Amino acid sequence: MHAVHMARAKTATALSDSRRALILRLVEERGPLTQAQIAKALNMTWGQVQWHLYVLEREGKVRRVPKNGLTYYVSATAPLPTFCQI
14 MHAVHMARAK TATALSDSRR ALILRLVEER GPLTQAQIAK ALNMTWGQVQ
64 WHLYVLEREG KVRRVPKNGL TYYVSATAPL PTFCQI
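Residues 14 to 99 in the working numbering are what the sequence shown lists, from first letter to last.
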């Protein structure tokens, strides 16, 4: 029971900011995106996106996928084939 409560608390923390919720929804809907692509799509600065991605990654909501010298961000719940299709 304690683990379930902690998981819910982490979700609440990660998504407590509307910008993080937007970033997560964007990568869930569009698939793998670079930090620059996310910033452009949401009209945010690179630094703002960097911070929110850090929080989302720390809380297990997104993961990094390196490919051809770039770092893509994907939903942590994305199936493995999505990673390979970058």
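Cβ atoms here follow ideal geometry from the backbone N, Cα and C, with glycine treated the same way.
Fair warning: this is a prediction, and the values are worked out from it, not measured in the lab.
Check whether residue i and residue j have beta carbons under 9 Å apart
i, j, result
"Y86", "L46", "yes"
"R33", "L83", "no"
"T90", "E41", "yes"
Boundaries of the alpha helix (DSSP H) in which residue i is found, first to last residue
i, result
"L37", "31-43"
Beta-bridge pairing of residue i - partner residues as DSSP gives them
i, result
"A68", "The question names Ala, but residue 68 in the sequence shown is Val. None; V68 has no bridge partner."
"L46", "Y86"
"I80", "The sequence shown places Lys at residue 80, not Ile. Paired residue(s): L83."
"V75", "S88"
Buried or exposed by the 16-neighbour rule on C-beta atoms within 10 Å, applied to residue i
i, result
"S31", "exposed"
"K74", "buried"
"S88", "buried"
Residue-level contact to chain B via CB, residue i, 9 Å cutoff
i, result
"S31", "Looking at the structure shown, chain B is missing, and only one protein chain is on hand."
8 Å contact criterion, which residue i and residue j should meet: CB distance rounded
i, j, result
"L39", "A54", "6 Å"
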